[in-house]
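Here is the structure we will look at.
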Amino acid sequence: MSKRSPYEVRPALAGLHPYEPGRPIEEIEAKYGLDSPPVKLASNENPYSPPEQLKEIYCQEFSQLNRYPDGGSYYLREALSEKYDWPMDGIVVGAGSDEVLDCLAKAMLEPGCEIVCGDPSFVIYQMDALKMGARPVTVKLTRDFQFDLEAMVDAVTENTRWVCLPNPNNPTARYITTTQLEEFFAALPSHCLLLLDEAYFEFIDSEDYPDGIEFLKNRTEDQAGLVVLRTFSKAYALPGLRVGYGLMEPRLARELHKVRPPFNITRPTQAVAVEALKQEEFLAWSREKIISERRRLEVEFESRGIDFVQPSANFILAEAPGDLTADELFEKLLPEGVIIRSMSPYGLEKHVRITVGKPIENQILLSALDNVCGF
Ligand SMILES: Cc1ncc(COP(=O)(O)O)c(C=O)c1O
1 MSKRSPYEVR
11 PALAGLHPYE
21 PGRPIEEIEA
31 KYGLDSPPVK
41 LASNENPYSP
51 PEQLKEIYCQ
61 EFSQLNRYPD
71 GGSYYLREAL
81 SEKYDWPMDG
91 IVVGAGSDEV
101 LDCLAKAMLE
111 PGCEIVCGDP
121 SFVIYQMDAL
131 KMGARPVTVK
141 LTRDFQFDLE
151 AMVDAVTENT
161 RWVCLPNPNN
171 PTARYITTTQ
181 LEEFFAALPS
191 HCLLLLDEAY
201 FEFIDSEDYP
211 DGIEFLKNRT
221 EDQAGLVVLR
231 TFSKAYALPG
241 LRVGYGLMEP
251 RLARELHKVR
261 PPFNITRPTQ
271 AVAVEALKQE
281 EFLAWSREKI
291 ISERRRLEVE
301 FESRGIDFVQ
311 PSANFILAEA
321 PGDLTADELF
331 EKLLPEGVII
341 RSMSPYGLEK
351 HVRITVGKPI
361 ENQILLSALD
371 NVCGF
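First residue of the sequence shown: 1, per my numbering; consecutive thereafter.
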């Protein structure tokens, strides 16, 4: 008889740890006996609530919850297809773009495969590779926190399936330009797939910031494959809804539907996401508020001598002042009612990632920094 444990899991999981999200507001409030909920600047969220119109649509779906949702997110894919002028059978919707990545991993990765990604970069790419038994090959960012694009091309082997490029990168908030992306994409061999993760796309309106969907439309057969990932979690202010999507060649999308959980997107989520796509005004308004507040924080950081990486989206990678490590700064800000993210798990012992909040929240952050660092 086999001595196998009934709970044995695949060996690939041995070195993996569950994803560590930022600590919940309620936990910090209770632990430090704070008078009001702490300011959470830890997860690159939009600090503004989504537009009120969406609430009604969400509630309207309540009476239909006795029915399964549309398993293929038909109307949402149709709306996305119209918005981007890309065939709807080349669009896959997931519970966050994380789930689209998960489907890509299940469909494409196995032991013997490699993925290439920056270090530090969004950690989920590596986790997806590891869970499938594939090998993540990491390429250190340059000293000024840019992707080392040449080294990433050099790291590609015949076993490489994905090259992961979040643009802008998380946690650095730096982006690569249209020209850089053109050269990079052209240099990738045609057997690998560029995962262009544009989670923060709607925050950026610089002229030299590339639109991945244009690259997808102009791609030729002799080039590398391309998947463009976007999400409702950031600029659309809907991370609690869990919905994101990938645009790709329909032949790849067909394969992802084989591994996508059935009914993965709830009824209220599909209905709200369709409506959210029309909320251009909210998008422009919140982007402007967030970017102008980010500029204010940049000035305030400069005046305090806090170094930071020039940001492009709704978060800033900053250096802990003086002798403080990132972990120490994070811990010291908690009793002040401010939650930021230490980047020590990413190997950046001196850096923290701070999401831009509302003006009042940013003011609380600055006062807390003054208290803690004696500015
Ligand atoms: C670069 C990047 N990609 C993807 C995601 C995941 O987004 P979603 O909420 O759509 O799963 C994040 C979330 O922080 C991110 O920073």
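For glycine and all other residues, C-beta sits at the position ideal for the given N, C-alpha and C.
I need the DSSP call for residue i, collapsed to helix, strand or coil.
i    : result
I339 : strand
F62  : helix
G212 : helix
P37  : coil
L252 : helix
Y75  : helix
G15  : helix
D197 : strand
P166 : strand
I115 : strand
R4   : coil
E160 : Correcting the residue identity first, residue 160 is Thr in this sequence and not Glu. T160: strand per DSSP, three-state reduction.
R353 : strand
V372 : helix
V93  : strand
F147 : coil
F308 : strand
S367 : helix
S49  : coil
Y236 : coil
K358 : coil
How should residue i be labelled, buried or exposed, when 16 other C-beta atoms within 10 angstroms of its C-beta is the threshold for buried?
i    : result
R143 : exposed
G246 : buried
N46  : buried
Y7   : exposed
P120 : buried
P21  : exposed
G118 : buried
G357 : buried
Q126 : buried
P87  : exposed
V100 : buried
I290 : buried
Y32  : exposed
V299 : exposed
Y19  : exposed
R353 : buried
By Cβ distance below 7 Å, which residues in the same chain neighbour residue i in space, the five residues on each side in sequence not counted?
i    : result
Q146 : R174
N371 : E336
G112 : N159
V309 : F145, T172, A173, R174 and L317
F375 : R304 and L369
Below 8 Å CB to CB, which residues in the same chain sit around residue i once its five sequence neighbours on both sides are set aside?
i    : result
V338 : P38, V39, L41, I364, L365 and A368
S49  : A237
Which residue marks the beginning of the alpha helix (DSSP H) containing residue i, and which one marks its end?
i    : result
D89  : No alpha helix (DSSP H) contains D89, which DSSP labels as neither H nor E.
V227 : Where V227 is concerned, there is no enclosing alpha helix (DSSP H), although the beta strand (DSSP E) it sits in stretches over G225 to T231.
E221 : No alpha helix (DSSP H) contains E221, which DSSP labels as neither H nor E.
C103 : S97 to M108
R287 : E280 to S303
D327 : A326 to L333
V272 : R267 to A276
T172 : Here T172 belongs to no alpha helix (DSSP H), and DSSP marks it neither H nor E.
A30  : I25 to K31
Would you mind reading off the limits of the beta strand (DSSP E) that contains residue i?
i    : result
R135 : R135 to K140
A318 : F315 to E319
Y245 : G244 to L247
V123 : Segment: none, V123 is in no beta strand (DSSP E) and carries neither H nor E.
Who are the Cβ neighbours of residue i in its own chain at under 6 Å, not counting the five residues just before and after it?
i    : result
Y377 : Within the shown structure, residues of the chain are numbered from 1 to 375, placing residue 377 beyond reach of any answer.
P321 : I306 and C373
T325 : E349
A273 : L76, F232 and V243
T177 : D208
G225 : L193
_For review: beta carbons within less than 6 Å of any heavy atom in ligand 1_ = The answer, residue by residue, is N44, G96, S97, D98, F122, P166, N170, D197, A199, T231, S233, P239 and G244.
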